[in-house]
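Novice: Got a structure for you, questions after.
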Amino acid sequence: MKNKKNSENKFVTILVVEDSPTQSEQLKYILEQHSYKVKVAKDGKKALMLIAENKPSLVISDIVMPEMNGYELCEVIKSDESTTNIPVILLTSLSSSEDVLEGIACGADNFLTKPYDEDYLLSHIEQILANTKVYKSEKVRVGVEILFGGKKRFITASQQQMLTLLISTYEAAVNKNSELLRIQNELKSLNEHLEELVTERTTELSEEIIIRKQTEERVIKLNRIYALLSNINQTIVRVHDTKQLLNDACQIAIKEGKFQSAWIGIINNETKKIETTASAGLTNDLVKASPDQSPILNVIKTGKYFISNNINTDNNIFGNWKQNSLSLGLKSFAMLPLIVLEKVVGGFCICSNEVNFFDNQEISLLDEMATDISFALEYIQKDAERKQVEKQLKQKTEEIETQNEEYKQINEEYKQINEELYKSKIKAEESDKLKSAFLANMSHEIRTPMNGIVGFADLLNNPSLSDKKKREFTAIIIERSNQLLNIVSDILDISKIEAGLVTVKNECVAINNLINELWTFYSNQAKLKNIHFDKKFGLDGLQKYISADKTKITQILNNLLNNALKFTCHGHIVFGYELKGEMLEFYIEDTGIGIPDEYKEKIFERFRQVEHELTKNYGGTGLGLSISKELIEMMGGKIWIKSELGVGTKVFFTIPYVPLNSETEFIHESAKSITDKNIEGKSILIVDDDEINLLYLKELISEFRLKIFEATNGIEAVEKFKNNREISLVLMDLKMPIMNGIEATKLIKSMNSTTKIVAQTAYAMYSEKEMAIKEGCDDYISKPLNKQKLIDLVKKYL
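According to the numbering used here, the sequence shown holds residues -5 to 792 in order.
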């Protein structure tokens, strides 16, 4: 029959509506075990969607759900003619009469109370499915008004529905009542035996408590001893000094072992008496009781520990030892032997304020502790002996090593002398080679322009020479002279750098003006070579005014631009700068011959160009880049090159960017240098011991129609000034016979401090300028004289 029933169930589809996954799976499992087809929805809305797709034979729904609860779902199902005949069972705890009224109101067919058992569930389902035809035939619904819970309710339901719900409610109540009666009987049975069980358990617990208390006390006691052992073992590993080890052991016995007294006595090998080596806790009076008394003596004699668990009643303890121990509140103690190299050397005494404190297990652990300390003392003694032997061996070894080192040092000295001689030989050969190459190159570089100067100067003596030729030859002589001057300047610059005479002198620099001046100066040369020459600025406004060494920046850019023009035959040259962080980055880009990879580092070395084939083709001392590198690094920057052979070169260098807050200072200085006053008829004194220089100076300033006085030494210059006080400006050579320019300057300034004196010298060292200014000169100009600079100075001071 059961198999037949299960076979019929497979045509029945039940929709389970439950938001709890656990409960829905449990219900599904029970139903599927009896061959029902089961669909599951987690709320009312999803249930309606499943009903619309395929009508189930029965709906079992929980009441409390999100989105749409069970009452609302049932009401929708019963209000729709197409689904009104689908039976609905509501799952409820039936905790309130309101549940029944709500179930009737929404049209529910039955209640199923939680929790439910499997048989109860299945019988309800079978009953409802069996009455489905009755539900379909009964269409009459009756409206009833009732008063419940203090308020009126109007309920509409069929008689069959109300009867079924009331019966299911009653059935649930009966089941609950039966369950309560069963539980009540069980409680009554348990209560009858409860008193007996409590009495038995109380007796057991009391015994357990006593045992547990004893065990806990034992555990605490053992824990103290284990803590004592652990800490002493750690100390043994860490400490390798006898005194410190024994002191630490006593301290640990007090702190970790919770003993009241601890001391260690060691036999003095000389006096053969026991001396207290370490102590802690209540030991002062006990120690005074003389450790030579019986307890420790017995331990030393026998080599075995001695225990007294009641000092007061122990007949083996007497005299001051007992009296002092009891006065300190000590009631038991243990004396443990310390044995080193199979010989008792002393004892470790620990005391407690409890009677019968020491038992066999604890004594065993404490004896182990004493053994560990004994092994540590033995190790320290052996280690000391070993170190002594090692020390003696080390001394012997050091003596031998010292002798070996002396021999080794002598060999090293001979070796070093040989190496230095070899290096000196190589360096001398290289230096000689470099010097020879440099001198050969300098000879060539100096003779070449000199040949042009001497040759074309001689040609100028030809009386039949045309004016055009004279101008052409004169231009060549000037160009060659400037070339020669550049060579001499490079050599002097290297000399100044080597001597440490070059210093950075910051001033206000209009960087864009400097770029413009250089562009103007080199534009004509670029134009003659048919090279596109351009400039670029990185700053504008007040930012272009910086604090820097203008002379050095100009010299560096001159060197780099000269190189670019020298090695570029077509294409372009572009130079300028950019602000990058706290640095100004200058660059000179050309489309010249480029630099081979193997020379990119060497070109910054002095004279290295003389080793390169380019020297023969392009000329030069090979000092320009070396000088530039030194000056850049002196200013706090760096220089580097990117180049490709046959494509071109780009040289970069940086200097620190130090902006000025205003351009006032620069404008002021510029204005002073370019002011052109009416100076015609004013007096000037030219002092120079070289007649050619005197003549050249007079020619340079002849256009101003000045009254010119001459002197060839310092004494003559002072005399001329004394007799002609209208002299406003003195061009003073510094290097002269009889009296030099510095001494003459001091004397002239003493006669009239307002007279302006400009020093002129062929010594191009910066120190010369500093000395001249310091000694009273107002300005400085170096030889060979630059015509425009001299004219500017004359205008400035007259």
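All C-beta atoms in this analysis are idealised placements derived from N, C-alpha and C, irrespective of residue type, glycine included.
If you drop the 5 nearest sequence neighbours on each side, which residues of the same chain put their C-beta closer than 6 Å to that of E663?
Specialist: Because E663 sits at a pLDDT of 42, beneath the cut-off of 50, its placement in the model cannot be relied upon, and the point is left open.
Novice: Quick one: using the 10 Å Cβ neighbour count with 16 as the cut-off for buried, is K316 buried or exposed?
Specialist: By the neighbour-count rule (16 or more Cβ atoms within 10 Å), K316 is buried.
Novice: So, helix, strand or coil for M733, using DSSP?
Specialist: coil
Novice: Grab me the residues of N303's own chain with a C-beta within less than 7 Å of its C-beta, minus the 5 sequence neighbours each way, in chain order.
Specialist: S326, V349, N350, F351, F352
Novice: Mapping DSSP to helix, strand and coil, what is N3?
Specialist: helix
Novice: Using the Cα positions of K385 and S358, report the straight-line distance between them to the nearest angstrom.
Specialist: Approximately 40 Å, taken between the alpha carbons.
Novice: For F598 and L619, which I take to be in contact (beta-carbon distance under 8 Å), what is that distance rounded to the nearest angstrom?
Specialist: 5 Å
Novice: Per DSSP, T643 forms a beta bridge with which residues?
Specialist: D584, S637
Novice: Using CA coordinates, which residue listed in L25, I470, S29 is at the minimum distance from K4?
Specialist: S29
Novice: When DSSP builds the beta bridges, which residues end up paired with E18?
Specialist: Sequence check: residue 18 is Ser here, not Glu. Paired residue(s): none; S18 is not in a bridge.
Novice: Could you tell me the boundaries of the alpha helix (DSSP H) in which K544 lies?
Specialist: Here the alpha helix (DSSP H) through K544 covers 544 to 561.
Novice: Taking the alpha carbon of G570 as the point to measure from, which residue in N398, D584, N718 has its own alpha carbon closest?
Specialist: D584
Novice: With 16 other CB atoms within 10 Å as the buried threshold, where does T755 fall?
Specialist: buried
Novice: Looking at the strands, I want to know which residues DSSP matches up with F703.
Specialist: L679, per the DSSP bridge assignment.
Novice: Is it the case that the stretch 636 to 652 contacts the stretch 715 to 730, given that we only count it when at least three CB pairs across the two stretches are under 8 Å?
Specialist: no
Novice: Between the stretch 237 to 256 and the stretch 339 to 347, can you find at least three pairs of beta-carbon atoms closer than 8 Å?
Specialist: yes
Novice: Rounded to whole angstroms, how far is the Cβ of D111 from the Cβ of I83, which I believe are closer than 8 Å?
Specialist: Actually they do not touch by this definition, with Cβ atoms about 15 Å apart.
Novice: Out of curiosity, what's the CA-to-CA distance linking I219 and N292?
Specialist: 24 Å
Novice: Tell me the DSSP secondary structure of L454 in three-state form.
Specialist: coil
Novice: Please report how far the alpha carbon of G708 lies from the alpha carbon of T562, in whole angstroms.
Specialist: 50 Å
Novice: What three-state label does DSSP hand P289 in the structure shown?
Specialist: helix
Novice: With distances taken from CA atoms, which of H564, K623, E638, I547 is nearest E592?
Specialist: E638
Novice: Going by DSSP, name the residue or residues bridged to G275.
Specialist: S255
Novice: Taking the straight line between their C-alpha atoms, what separation do you get for I567 and S696?
Specialist: Here the alpha carbon of I567 sits roughly 40 Å from the alpha carbon of S696.
Novice: Do you know whose CA, among L522, G735, N398, lies nearest E762's CA?
Specialist: G735
Novice: So, G341 versus I394, is the Cβ gap smaller than 8 Å?
Specialist: no
Novice: With DSSP as the reference, identify every bridge partner of F801, one or two as the case may be.
Specialist: Here the chain comprises residues numbered -5 to 792, so residue 801 is not present and cannot be evaluated.
Novice: Classify C502 as helix, strand or coil using the three-state DSSP reduction.
Specialist: strand
Novice: Just tell me which of T271, M59, T706 has its CA closest to the CA of C244.
Specialist: T271
Novice: Count the other CB atoms, across all protein chains shown, that sit within 10 Å of the CB of Y791; report buried if there are 16 or more and exposed otherwise.
Specialist: buried
Novice: Would you report the Cα separation of E201 and E269, rounded to the nearest angstrom?
Specialist: Going by the C-alpha atoms only, they are around 50 Å apart.
Novice: Under 8 Å between the Cβ atoms of E69 and G101?
Specialist: yes
Novice: Are there 16 or more other CB atoms within 10 angstroms of the CB of V503, so buried, or fewer, so exposed?
Specialist: buried
Novice: Within a Cβ cutoff of 6 Å, which residues of the same chain sit near P590, ignoring the five residues on either side of it in sequence?
Specialist: L639.
Novice: Near I565, which residues of its chain fall below 6 Å by C-beta distance, leaving aside the five closest residues on each side in sequence?
Specialist: Per the sequence shown, the amino acid found at residue 565 is Gly instead of Ile. Its chain contains T585 as the residues whose beta carbon lies nearer than 6 Å to that of G565, once the 5 sequence neighbours on both sides are disregarded; these appear in chain order.
Novice: Over the uninterrupted alpha helix (DSSP H) stretch that includes C68, give me the two end residues.
Specialist: 64 to 73
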